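If you read the sequences in order, they're chains X and V.
Residue numbers for the first sequence follow the numbering used here, beginning at 21 and rising by one.
Residue numbers for the second sequence follow the numbering used here, beginning at 21 and rising by one.
Quick reminder that beta carbons are idealized off the backbone N, C-alpha and C, glycines included.
Values in this document were obtained by computation on a predicted structure and should not be read as measured data.
2 protein chains.
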Amino acid sequence: YDAQYNRNIPFETASQAVRLYYLYNHWTMQAATYFFIFIDLSLALFEEPAAYPLPFLATSLVEVMCLLAFFGRLFHFAKVTPRDVFWKDAKNICIMIAILMTLVDLIIYGSLRISNIQSVRWSRPMRPIFLINFAESRQIRRAFRSIRNTLPEITYVFLLFMFSLLMFSLMALKLFGDRNLKTVDGLPYFTDYLSIVFEMYVLVTTANSPDVMMPAYNFSGWYCLFFITYVVINTYIFMSVFLAVVYNNYRKHLKNEIRKLVYMKRRKMVEAFNLLKVKEGAEFVIKEDQWKNLIKLVAPDISTSHRELLLRISDEEQKGHVDKKSFVRLADLLNIQVITMKLRSHPLAIWFPHMYNSASSLFIRSIVQHKGFVWMYDVIILINAVFIALDEKNPFISYAEWVFLSLYIVEILLKLYTYEPRTFFARNQFWNWFDTFIIIAALIATVLNTTLKSVTVYNSQQVLDIVFILRVLRLIRIIDSIQRFRVIMNTLINIVPTMLTFGGLALVVYYIFAIVGMEIFQGKVQFFAGNTSAQHASYCGNPSLKDSAFAHSKYCKNNFNNIVSSFIVLMELTVVNQWHVLASGFALVTHEAAKLFFITFHIVVVIMIINIFVAFILEAFFVEYSLEKSEVETAIEKKIQELG
Amino acid sequence: YDAQYNRNIPFETASQAVRLYYLYNHWTMQAATYFFIFIDLSLALFEEPAAYPLPFLATSLVEVMCLLAFFGRLFHFAKVTPRDVFWKDAKNICIMIAILMTLVDLIIYGSLRISNIQSVRWSRPMRPIFLINFAESRQIRRAFRSIRNTLPEITYVFLLFMFSLLMFSLMALKLFGDRNLKTVDGLPYFTDYLSIVFEMYVLVTTANSPDVMMPAYNFSGWYCLFFITYVVINTYIFMSVFLAVVYNNYRKHLKNEIRKLVYMKRRKMVEAFNLLKVKEGAEFVIKEDQWKNLIKLVAPDISTSHRELLLRISDEEQKGHVDKKSFVRLADLLNIQVITMKLRSHPLAIWFPHMYNSASSLFIRSIVQHKGFVWMYDVIILINAVFIALDEKNPFISYAEWVFLSLYIVEILLKLYTYEPRTFFARNQFWNWFDTFIIIAALIATVLNTTLKSVTVYNSQQVLDIVFILRVLRLIRIIDSIQRFRVIMNTLINIVPTMLTFGGLALVVYYIFAIVGMEIFQGKVQFFAGNTSAQHASYCGNPSLKDSAFAHSKYCKNNFNNIVSSFIVLMELTVVNQWHVLASGFALVTHEAAKLFFITFHIVVVIMIINIFVAFILEAFFVEYSLEKSEVETAIEKKIQELG
C-alpha cells in the first residue's frame, strides 16, 4: 500500500493501470532511472574539458540515450497518472523542458562543431534537474523546497548584512585611504572602494583575519578597534543570525512537511478502509481474514508471527475484526522494524551436538562471553596502535603485523563459534559487520601486498596505502567498548542515511558550480607534475600569475581543468580558508569580475547549505537527546510486553 | 520586595538588619563594589609588563585598597545574612580565599622584589573571581554554571574527537611520512607524529586548509580524499556536535534556572502574603489599603494611574481586596513596564498657543508628519553617501558636508517642533536618541576640527577620524525607514543587554589567558614602530623568528608585552584564522610546549564560549520569532483594553 512508503502519487484504479503502476514502482525501473541519471551526470568526466577524454560523438550518443530513458520514464509516469494531474505537476514540465533544451543544445553545439566554431554547452548545468525532479528523489526536493522557503527571510538579513559591509568599507576607505599604508607585499592598502569591499567580505569569512588588519594596527593601535567591532558585528552576530534564520525555517518547514505527509497518509488509509469495510454492529470494520490477505499482499516478506503481532495490536480486544482507528494506524505499524529475537540454536550445535556441548567447548564459549575477553582485545588493540606508530621497515614489526592480524581473525572465529552467526550478523549489529569487513579486507590487502612484493620488485603503493588505512581503522573498535562513546557513535551512524540526502543536495550545487567554473576557467591555470624545474611551472603556465600569492602557495593543481579537480577546488572553497587567494588567482587569469563567481559560491554553499547541514545535525542530536518514543512504537512495546 | 528583582538572599527580619540590608542593596554600594572590581582588574594596565608603567608600590597600594573594599563588602554581607547561610555559600568562601591568596602573593612578591629576586605575581589570574563571585554578577555566574554543567557531556565528545584526530594523524604519518615530500617552505612534510597532530588540529579549525593538503595533493590526486574525509568528519560533523551539545545544555539549564527562580519568587510572595493576610469570608485576602501601602513602599516611583491599573488587574472583581493568587502574580506585574502614553500637549502650544496653532505652523507640522518628509530625508542620506565616498579634498564637497549637517539639524528641530519633546525622547525611541546623538556629536567634532584647522596648521587626525566615522554612521538611519530591517534591528538591539553578560564572561576568560600569556611571553617579541629599517625589526627583535611565517607576515605587534596587546592577540586567536602562525611564532621564541597554551585557548574560547554565544543568539531569535506573550503580559493587555 502506498501510504506505507509515504508515496502520494494519485493513480487510476483500473486493473491495467494498476499493473503499469506496479511496474513503474518496481525496483528495477527505479534502479534503471538512477543508473541513467548517474550516467548523465558522470558524462562531465568525459566531455571537454575531460578527465578521461572521449570523442564528442560518443558522449553525445550516450547523452541522447539517457534523454530517451528519461523520456520513457516520464511517458510511463504519464500513463499511470490522470492527465490533468500529470500536466499540473511542475516536476514533469520541468523535466520535459530540460530534455528539450538539452536536445536543442546538443544539435546547435554539434552543428557548430562540424563547422569548427567554438561554442558553449550551456545545457550542462541543467543536468541535476533530472536528479531533483524524478519522483524518487523526494528528500532532495524537500531540502530544495526548504531552501526556497528560507530565501525571503534570509534575503532581508543578507541585505542588512550587505549594508553593514558597505558602510564599514566606506569608513575604512575614509580612515585608511589617504595614509599611504602598504600591505606586507608592498601593495597600496585600502585605497580602492571595490577592493576594500572584497577584503571586508573576506574578513567576514575570517580568511584574511589578522593580515588585513596588520598595516593599520602597526600604524596605530586604535585602529584595531575598527576591525574588532567589524568582526564582532559581521562575523559573529550576522553569521549566527543566518544560522538562526536557516535553522528556524528548517524546523518550521520540516514540521509542515511532516504534517502534510501524515495527513496524506491518513486520507489514503481511510480510502482503503472505505473500500474494504463491512458493517458490524454499529460501526464499520474490516474482517480478520480480509485484513490478513491485505497484509500478505502489501508486505509479503513479513513473518507469520510478526503478522500475528500486528493483528493483536490492531485488534486489541480480539473481536475478530479491525476498526477504522486501528486500521489507519497500520501504515505506521508496518514501517516499524520488529526485530524478531529468536533464540536460534547454533548450527554447530545442530550438526555436531556432542562436540559443541562438550566441556572444553563450553569453557571456550564462557571465556568468549566473559568481559575479560573484550578487555583483552582492547589491550591488544592498544599494543597494536603502538606497533603501527613504530617504523614498519623493521622486519620484526612487520612480522608482528601478521600476529595481530591472526589474533583478530581468531577473535572473529571465536565469536562466530560462540554466538549464532545469523544473530552475529543481524542488521542492527553495525560493529560486527564493520569488524569483519575491516579484518577480511586487511587480510586480502596484506596477502596481495606480500605476493606483489615477492613476485615483483615493484612495491604497489596503492595497495600498501590501503593496508595502512585498514590497519589504523581497526583501532576504531576500541570505541565500542566504552558505553558513552557508543551512544555518540550510534547517533552519528543513525544520521548517516539523512546525511546522504544532504550529500545529494551538495552534489547538485557542486555540479552546477563545477560546470560553470569549467566553462569560465578551463585551461587558464596549468599544473606541471613532478620535478619540472621549468620556469612556467612556477607560475602555473600563466604569466599573469607571476609573483601572485596563488603561485607562491603552489596552488596550481587547484584548477577547473576537469570535473574532478573542480570538485576539489569547490571543496576547498567550502572550507573557506584561503579562498580569497584562490579567488584572486582566478581573477588574475581572467577578470576581476571572476571574484563574483567565488562570492556567489560562498553565499550559496557556506551561508545556505552548510547552515542547513549544521541545523540538521543540531536537530538530529536534539531528537536523540529527547528520545521520545512515538505513540505507535509505545503501543507495539506494550503489546510485546503483554504477550510476554 | 526582593522577589521583584529576582533576588534570593535569605536575610534576618530584625529591624536593624533590615536597615543594613537596605544599605547593602543601595545602588551606591553596588556601584562602589563594581568600581573597585574595575580598578582591581585594570591594575593589569599599570603593572609590569605595563602599558602605562607605575611603580610597584603604587599598584600594590591600590590593590590592597581594593582588597579592603572587597573585605568590607563581604563583612557587610555577613552582617545581613544568618551565619550558617553565609558560611555554607561557596561564593563567600571563594572571595575570602582569593583575598587571602592575593595578600600572601603581594607580600611574597614585595619582599622578593626588595631583595632583587625576580618572581611571578601568580595571584593575578585570580582577580576575575571577584567579578564572578560578588552577588551582583548573577548572570555571569549563571553562564559559568551552565558551562560547568556542559563539561561532562562535552568531554566525551571531545575525547571521541581527540581519538579521531589521533587516528587520522597516525594514518597521515603512515601515508605521507616516507614520501620525502616538502612543504612550500621546503620543510619536511608530515614526518613527525606530534607535529602532524598539531597540523591536523589546525586543519580542524580550517586555518591551514588547502596548504596542508597541497604537497600530498600535488604528489597524487587520490590523497585529497584523505583530507576531505578528515575535514567532513572533524570540522563539519564534530564541530556541529559540539554546538549541539553546548546548545542543548544551554537550553536545558536555562529552563532549570528559570524554573528555580520562579519557584523561589513564588515562595517569597507566599511568605509576604502570609504576613499581611486577613481573613475575609472563606479565604485569606489582603485589604486594598494595605495593598496600596505595600506598593508605595516597594515601588515609590510608580504613577498613581499605574498603581490603579495594577490594582484593577489584581482585584478583577473589584471586591476591595486581593486574593493569594493575584498577590503572587504581583512581582511579575511590577516588572512589566507599562508605557504611559499620555497625549501631552506640546510645550510651545502652551507657551505660545496663538503662534503654534497658526496656519503656517500647522502647515509645517503636517509636512513633517507626512510620509514624503521621511522619504525626502532618505534621498538626502543617499546623496550624502555618494558625497562621502567622493574625495573630501575638493573644497566644494567639504562645503556640501556643512549643508548636509545643517539639513539634519533642521530635521531634528522640525521634528521637535511637531512632536512633543518628552514623547520624542521617550525611553523606547531608540532611533530618535541615536539620530540626535550622532548629529550633535558630528556637529561638535566638525566645529572642533575646523577651529583646530584654522588655529594651527596641525590637522588633528583623531578628531578627523571621529568625524569620518560619525558621518558614515549617519547613514544607518536609512534602515529605520524599511519595516523588515527595523524588525531585525530591534531584535539585535533587544539582545544587547544579555550580550553584556556574555561580554563579562568573555572578559573573565580573556583576562585570565592574557595574564598567563604575559607571564609566559612578555618581551619575547618586540615591535619597532615607524620606518626603522634596522635588521632586528624585521624579525621582531628575536633572532629565533628569522625567516618564520610570523615575522614574514609582520605580526610583531601581536605580542603579550602589555594587557592591551594581549587582548588584541587573543581576539585574533578567537577569530581563528592564522592562529597557527601566531602559535608557531610564540613557540619559536619559547618552546614547542607553548603551542599548548594556544590549543587550550582555542578549546576554551572557540569550542565552548563562541558556541554558547551562537546558542544564545539562536535562542534569542527563536524567542523573537515565536513571540509568545507571557500569561501576565496578556492579562495586563486585556485589562488595558477593558479599561479602554
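Residue interval of the alpha helix (DSSP H) (run including residue i)
i	result
residue 587 of chain V	583 to 595
residue 173 of chain X	158 to 196
residue 576 of chain X	Taken as a continuous stretch (DSSP letters only), residue 576 of chain X belongs to no alpha helix (DSSP H), as it is neither H nor E.
residue 376 of chain X	373 to 376
residue 114 of chain X	110 to 134
residue 607 of chain V	599 to 609
residue 46 of chain V	From DSSP, residue 46 of chain V is part of no alpha helix (DSSP H); its letter is neither H nor E.
residue 441 of chain X	441 to 444
residue 615 of chain X	614 to 621
residue 556 of chain X	555 to 558
residue 398 of chain V	391 to 409
residue 523 of chain V	516 to 541
Short Cβ contact (8 Å threshold) for residue i with residue j
i	j	result
residue 597 of chain X	residue 589 of chain X	no
residue 40 of chain X	residue 100 of chain X	yes
residue 534 of chain V	residue 586 of chain V	yes
residue 210 of chain V	residue 197 of chain V	yes
residue 268 of chain X	residue 574 of chain V	no
residue 247 of chain X	residue 259 of chain X	no
residue 582 of chain X	residue 543 of chain X	no
Outcome for residue i when other beta-carbon atoms lying within 10 angstroms are tallied against a minimum of 16
i	result
residue 515 of chain V	buried
residue 46 of chain X	exposed
residue 283 of chain V	exposed
residue 294 of chain X	exposed
residue 565 of chain X	buried
residue 122 of chain V	buried
residue 104 of chain V	exposed
residue 270 of chain V	buried
residue 313 of chain V	exposed
Limits of the beta strand (DSSP E) - the one that residue i falls within
i	result
residue 341 of chain V	341 to 343
residue 306 of chain X	303 to 307
Pairwise C-alpha distance: residue j and residue i
i	j	result
residue 203 of chain V	residue 601 of chain V	15 Å
residue 537 of chain V	residue 102 of chain V	41 Å
residue 361 of chain V	residue 513 of chain V	Below a pLDDT of 50, predicted positions are generally treated as unreliable, and residue 361 of chain V, at 49, falls in that range; the measurement from the model is reported next regardless. So the two alpha carbons sit approximately 22 Å from each other.
residue 181 of chain V	residue 463 of chain X	28 Å
residue 288 of chain X	residue 341 of chain X	20 Å
residue 649 of chain X	residue 643 of chain X	Confidence at residue 649 of chain X is low in this model, with a pLDDT of 42, below 50, so its placement is unreliable and the value that follows should be read with caution. Looking at the two C-alpha atoms, the distance is approximately 10 Å.
residue 627 of chain X	residue 607 of chain X	22 Å
residue 367 of chain V	residue 378 of chain V	15 Å
residue 558 of chain V	residue 473 of chain V	37 Å
residue 605 of chain X	residue 212 of chain X	19 Å
residue 146 of chain V	residue 115 of chain V	10 Å
residue 430 of chain X	residue 438 of chain X	12 Å
residue 304 of chain X	residue 297 of chain X	6 Å
residue 330 of chain V	residue 383 of chain V	41 Å
residue 70 of chain V	residue 64 of chain V	7 Å
residue 629 of chain X	residue 641 of chain X	18 Å
residue 127 of chain V	residue 508 of chain X	50 Å
residue 609 of chain V	residue 483 of chain X	43 Å
residue 90 of chain V	residue 38 of chain V	21 Å
Pairing CB atoms from the stretch 62 to 80 of chain X with CB atoms from the stretch 172 to 185 of chain X, are three or more of them under 8 Å?
no
Does the contact criterion of 3 or more C-beta pairs under 8 Å hold for the stretch 490 to 500 of chain X versus the stretch 396 to 411 of chain X?
yes
For the stretch 447 to 460 of chain X against the stretch 520 to 536 of chain X, do three or more pairs of beta-carbon atoms, one drawn from each stretch, fall closer than 8 Å, so that the two count as touching?
no
Counting Cβ pairs, one atom from each stretch, are 3 or more of them under 8 Å apart for the stretch 250 to 263 of chain X and the stretch 630 to 640 of chain X?
yes
Check whether the stretch 180 to 195 of chain V touches the stretch 246 to 256 of chain V, taking contact to mean three or more Cβ pairs, one atom from each stretch, closer than 8 Å.
yes
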